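Using my numbering, the first residue of the sequence shown is number 34, and each one after it goes up by one.
In what follows, a single structure is set out as structure tokens and then discussed.
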Amino acid sequence: MKKGQLFKKIAHYLMIGLLLVLAAGFVTFLFVNVNRPILDAKKATESLYSVDVEAWEKTVRRQLRQAPWQGLRYLPEKNEWRFYAITGENRKINLVVSFDLIKVYYLEADGDLVFTWVNTAADIPGNGRLEMMSGPIENEEMVEVALRGEHVTRSGVRWDLCDTEYCRVANIIDTFIILDDKGTGITNGFIQYGWEPPTSPIYGFLCWEIRPAGAEAVAGTSSTR
């Protein structure tokens with residue numbers, strides 16, 4: 034092959050290679066710039082969501098610190114177990130019967146912010162609809178979540194000592210998962226050992242009473258709203 038032809042062939046291949054590089058760069062440029070608004074919007078949304086969650090948790094913590102106490106406490110004069118919480122979303126679930134639930138956020142005694150679910154109403158065949166809320170409750174409202182009655186003691190709850198249909202259903206829900214070899218259910222695990230109630234209601238929830246917080250708690254949170 035003559036030298037001139039060789040140079041022409043080399044130049045031809047170099048030109049093809051250069052065109053391929055330019056084409057690849059152009060495609061990359063288009064992809065990045067066309068999708069940049071989507072990517073930037075996603076990053077902005079994630080950042081905004083993160084800031085909102087942090088601000089919301091800070092507000093909830095501040096409100097709960099104004100409650101009479103943090104964590105679960107037994108009140109001997111009322112024969113009642115109670116903790117203070119801030120309400121969240123509502124949900125319906127069918128476990129044995131149809132339940133209305135509400136998500137509640139509360140501070141443990143050590144200051145950790147946690148959540149669980151509490152029953153607000155139940156549709157029990159033959160007994161109609163049973164309401165477990167004492168008065169209307171709004172979202173992000175401070176509430177008292179309490180358990181009381183003759184079947185309740187400082188040691189915990191004895192659902193078998195309560196002969197209502199609701200207590201029978203509550204016993205099933207409360208022992209939906211057994212926490213140890215002693216047959217400890219959700220409520221007694223919470224009371225006796227400080228074990229957190231489930232965060233997913235499919236594993237059970239608290240069949241306790243829920244009511245708007247008393248005047249002493251509301252007065253403490255009014256300035257933080």
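Just so it is clear, CB atoms sit at the ideal spot from N, CA and C, and this is done for glycine as well.
Every value quoted in this text rests on a predicted model; they were computed, and no experiment measured them.
Excluding five sequence neighbours on each side, which residues of the same chain lie with their C-beta closer than 7 Å to the C-beta of Cys240?
Asn152, Ala203, Ile206 and Asp207
Taking only the alpha-carbon atoms, compute the straight-line gap between Arg115 and Gly189 and give it to the nearest angstrom.
12 Å
Enumerated in chain order, which unbroken segments of the beta strand (DSSP E) with a length of 3 residues or greater are wholly contained in the segment 106 to 141?
106 to 108, 113 to 128 and 130 to 140
Note the first and the last residue of the continuous alpha helix (DSSP H) segment covering Ala246.
It is not in any alpha helix (DSSP H) - Ala246 carries neither H nor E in the DSSP assignment.
Out of curiosity, what's the CA-to-CA distance linking Met165 and Ile243?
6 Å
By DSSP, does Phe238 sit in helix, in strand, or in coil?
coil
Give the list of continuous alpha helix (DSSP H) stretches no shorter than 4 residues that lie fully inside the segment 161 to 249.
198 to 207
Bridge-paired residues (DSSP) for Thr149:
Val137
To the nearest angstrom, how far is the alpha carbon of Leu212 from that of Leu140?
22 Å
Would you call Gly4 buried or exposed, if buried means 16 or more other Cβ atoms sit within 10 Å of its Cβ?
As shown, the chain starts at 34 and ends at 258. That puts residue 4 outside it, with no answer to give.
Please name the residue in Tyr226, Gln96, Tyr199 and Arg181 whose C-alpha comes closest to that of Gly144.
Gln96
Does the segment 173 to 188 come close enough to the segment 155 to 163 that 3 or more CB-CB pairs lie under 8 Å?
no
Helix, strand or coil for Asp156, going by three-state DSSP, please let me know.
strand
For Ile135, which option in Lys125, Ala142 and Glu198 has the closest C-alpha, if you only look at C-alpha atoms?
Lys125
Run the CB neighbour count on Asn221, radius 10 Å, all protein chains shown included, and call it buried at 16 or more, exposed below.
buried
Reducing DSSP to helix, strand and coil, say where Trp89 ends up.
helix
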